[in-house]
Amino acid sequence: MEILTEKQPQPIQTVKDEKTVSPWQEAWKSFRKNKLAMVGAGIVLFFILVGIFAPLLAPQGINEQAMAKRLQPPSSQHWFGTDDFGRDIFSRVVFGARISLWVGFFSVIASMAAGCLLGIVAGYYGKWVDAVISRIFDIMLAFPSILLAIAIVAVLGPSLQNALIAIAIINIPNFGRLIRSRVLSVKEEEYIMAARAVGMKDSRILFRHVLPNSMAPIIVQGTLAIATAIIEAAALGFLGLGAEAPNPEWGKMLSDAKQFMIEAPWTMIFPGLAIMLTVLGFNLMGDGFRDALDPRMKN
Amino acid sequence: MKKQLGLKLMALILILSMGIAGCSKSSSGGTKNEGEKGGSGGGTLVFARGGDSESLDPAVTTEGESFKVTENVYETLINFGEQDTEIEPGLAEKWEESADGLKHTLKLRKGVKFHDGTDFNAEAVVFNFERWKAGNKERFYYYNSQFGDVIKEVKAVDEHTVEFTLNRVLAPFYKNLAMSPFAIASPAAVEKHGGKFTENPVGTGPFKFKEWKRNDKVTIVKNENYWKKGLPKLDSVIFRVIPENSARLNALNTGEVDLIDGVNFSDVKSIEKNDKLQTFFRPSLNVAYLGLNNERGPLKDKKVRQALNYAVDKKALVDAFYAGAAEPAVNPMPKTVAGYNDAVKDYEYDPEKAKQLLKEAGYEDGFEIELWAMPVARPYMPDGKKVAEAIQANFEKVGVKSKIVSFEWPTYLEKARKGEADAFLLGWTGDNGDADNFLYVLLDEDSIGSNNYAYYKNPKVHELFTKAQSTNDQGEREKLYKEAQEIIKDDAPWVPLVHSKPALAGKAEITGYKAHPTGSDLLSNVEMKK
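Going line by line, the protein sequences match chains E and G. Numbering follows the UniProt record's numbering, with no gaps: position 102 of the first sequence is 102. Numbering follows the UniProt record's numbering, with no gaps: position 67 of the second sequence is 67.
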């Protein structure tokens, strides 16, 4: 959390200098040097491509049942074996990438948007606005996040979309608190003071100056949050509160497979591996971003 | 300061919960010890099942887990066969029927005593029937549904003779008498315990009630004065509750329990491979079906319902979810029930034919329905959600889209009863093996609002059912039921799915255990081989 209060090099806005490298470019350079981060990014890119080209990659549809071929071990015909409905697990895992990434990206974008807005307002205006918003965040953080998600889904009714909404909601306070602390330090900066002194409107200050200068930690947090969101979606699916049949959501596949764990372990291993790899990818990438964007890590 | 208080509170809760966990552990340990102590004679059988009994007075319940216990504590006037629903002498040794079928005279067994030492006699029988008749209709559900308006009078002719006078002929009269809810209780005990009789059962059966710990176990012990000499062979039986199927199987594997019901069909293979265990299959007296609400949307159309019948691949369901221990259902009742119509032909699995019928009905582009999946495992439906998923895929092939929904079990039944479901999975286990107990109960218009969840109505069928109820001529009844089955097949109010043979498993030492089709097993012949 220390990075939040660290001061970043101030963006160069005044004098135009051809040789100047923007901090973003600099960050990208150091990110590229980080091997683990590149591996993470590679994994993420791989799954994104798998998701996009799922219909081309998957030999079968997601729900082509063939009872006669149920619970077959991996073979040249069914690379990941078949499940208890005789469906091709490889195809289902491939299509499952779409669902997990979709939930991951969109829930994080939603919570990022809501969290940033609330956090900026709380941090910039302070006083009672800050008190109210911060206490709400505290209350939400007091719940174990998955429990809160279960409660929200229970109210909305189980479906993939509601799981996405629930995951988005439970992640709002993380972004909110992050941005609030960022705003608290940024708003004391001279350039903000200057902006105020020249009579700039609040909204312009907030969105043109404060927000862009708080982007770095948000990107880091956002990448890591996608990993958590994917796990949370899988957990909800496992509990029967996420994707509906016959959608091949990875968590749901795990839950459907658990009674064949001994008899047909492949029904569990491949969706499990898929979850593990994507989450690992996002985590490595997030760590890489953090290192790259953290000024203290610069040599 | 506040923080500290919170911490202390947390610690207190933790300690308390540990204490509770400790208690439950020691009590289950106690179970084991009792079993070992009683090992001098026939030993103790620990029978684990999925749910607790609702009441130990069989007259006031409709729930199967209750009958599992009461079957061994009480006896009925007439018994079912060991593994079928043929009638045999029970507390009544002989019986006679008048020519018009309205008077039945039963000769009772002599020298039988209740567990409290009072005599079993004609007075006791009359007392029981009067108690059921005088009672609240909801409370004595079975009496009212089976005998309610039929029994006019029950009279004690002498010490060991009872005479029943009926208002109208009731074909399954003796089969009904053999049902667990019509077991004879000790009048003295009923009067003594009053409202608490449900927790203090006293009958004439092979076992006496000892104790009942709610949601944990019921213990019954050997009745030393049982009228059948040499029985029961066991010293005691403990009925334990282990809700989760896999946890129950695990308890059997570790030797904590001796016999379990509700075995997942998918586990049967591995149990059979294990030398220390054996499997039992209950003869089928059930049906699992996909009800199609005859009053909702496209399902109103007979052609659509027939199309859905063609669309479902039952054979695949049997192989996948019942490990073969079931057969595809053609009629609403299993083959063992007298009156089953063998000539009825099933709608073969034929998606093309289904599509064609849908086209004829004007649903060429299909339609969308809700598909309700049972949230609980039942012997006839081991995994509702998976069966629903398979049927969903079947329907999709013919262009019918379905959304799988599920509710908590009581809500599920309640909503389905109110007719809120389009297509829903359900099933039925027979009470007495009579056709009336399947066809009339599940598909007569009188049963709408109770067990006719499909809202099926056909005046012709209603007429056949009523006729069959009021004749005593078995041949005639069978003819009527056969005709009804043909009409029902054509109307297609359901997709009948399977008749399953529910699986049980026990230690290899168990001998003499016979699983009864009704689901309530008499355990007097069971022995633990050493």
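Virtual Cβ for every residue (Gly too), placed ideally from N, Cα, C.
Interface annotation for the segment 236–267 of chain G against chain E: Ser246, Asn264, Ser266, criterion Cβ-Cβ distance under 8 Å.
Runs of the alpha helix (DSSP H) spanning 4 or more residues and lying entirely within the segment 167–245 of chain E occur at 190–197, 215–238, in chain order. Only those residues of the segment 237–256 of chain E whose C-beta falls short of 7 Å from the nearest C-beta of chain G are listed: Glu244, Ala245, Pro246. Under the criterion of beta carbons closer than 8 Å, E:Phe31 and E:Ala292 qualify as touching, at roughly 4 Å.
Taking a C-beta distance under 8 Å as the contact criterion, G:Ala505 and G:Leu285 do not qualify as a contact pair. Within the DSSP bridge table, the entry for G:Phe280 names G:Leu504 as partners.
When the five nearest sequence neighbours on each side are left out, the beta carbons in the same chain lying within less than 6 Å of the beta carbon of E:Ala227 are those of Val279, Phe282, Asn283, in order along the chain. For the segment 40–74 of chain E, the set of residues with a beta-carbon nearer than 7 Å to any beta-carbon of chain G comprises Asn63, Gln65, Met67, Arg70, in chain order. Contact annotation: the segment 468–488 of chain G touches the segment 336–352 of chain G, with at least three C-beta pairs closer than 8 Å. Within its own chain, the residues whose Cβ lies closer than 7 Å to the Cβ of E:Val186, once the five positions on either side in sequence are excluded, are Ile192, Val210, Asn213, Ser214, listed in chain order. Selection G:Val287, G:Asn293, G:Tyr226 evaluated against G:Asp422 yields G:Asn293 as nearest (Cα-Cα).
Where E:Thr278 is concerned, the enclosing alpha helix (DSSP H) starts and stops at 266–293.
G:Lys300 has its alpha-carbon roughly 49 Å from the corresponding atom of G:Asp258. If you ignore the 5 residues before and after E:Gln72, its C-beta comes within less than 8 Å of the C-beta of His78, Gly81, Thr82, Gly86, all in its own chain and listed in chain order. Around G:Ile271, no beta-carbon contact reaches into chain E at under 8 Å, the shortest distance being about 13 Å.
Burial state of G:Pro459 is exposed, judged by a 10 Å Cβ sphere holding fewer than 16 other Cβ atoms. Per DSSP, the unbroken beta strand (DSSP E) holding G:Thr44 starts and ends at 44–49. Between the segment 87–94 of chain E and the segment 139–155 of chain E there are fewer than three C-beta pairs closer than 8 Å, too few to call the two in contact. Annotation: E:Ile231 to E:Ile275 spans about 7 Å, alpha carbon to alpha carbon.
Here DSSP, grouped into helix, strand and coil, assigns G:Lys233 to coil. According to the DSSP secondary-structure assignment, G:Ala183 is paired through a beta bridge with G:Thr76.
When C-alpha distances from E:Tyr125 are compared across E:Ala216, E:Leu206, E:Ala257, the shortest belongs to E:Leu206. Here the C-alpha atom of G:Val344 lies approximately 52 Å from the C-alpha atom of G:His193. Taking a contact to require three or more Cβ pairs closer than 8 Å, the segment 65–85 of chain G and the segment 171–182 of chain G qualify as touching. Every alpha helix (DSSP H) of 4 residues or more that sits fully in the segment 259–332 of chain G is shown, in chain order, as 268–273, 302–311, 314–321.
The alpha-carbon separation between G:Tyr363 and G:Ile391 amounts to approximately 19 Å. The Cβ atoms of G:Arg417 and G:Tyr456 lie no closer than 8 Å to each other. By the Cβ neighbour-count rule, E:Pro158 is buried, with 16 or more other Cβ atoms within 10 Å of its own. Positions of the beta strand (DSSP E) runs, each at least 3 residues long and wholly inside the segment 66–124 of chain G, are given as 78–80, 87–89, 92–97, 103–108 in order along the chain. For a Cβ distance threshold of 7 Å, residue set Glu244, Ala245 of chain E lies close to G:Ile404, ordered along the chain. Under the 8 Å criterion on CB atoms, G:Ala390 is classed as interfacial with respect to chain E. Rounded to the nearest whole angstrom, the CA to CA distance from G:Phe407 to G:Lys415 is 9 Å. Residues of the segment 315–336 of chain G whose Cβ lies closer than 9 Å to any Cβ of chain E, in chain order: Lys315, Ala316, Leu317, Asp319, Ala320, Phe321. By the Cβ test, the segment 299–315 of chain G is in contact with the segment 351–360 of chain G, since at least three Cβ pairs between them sit closer than 8 Å. For G:Ala393, a Cβ of chain E is located within less than 8 Å of the residue's own Cβ. Straight across, the Cα-Cα distance linking G:Val202 with E:Ala168 is about 59 Å.
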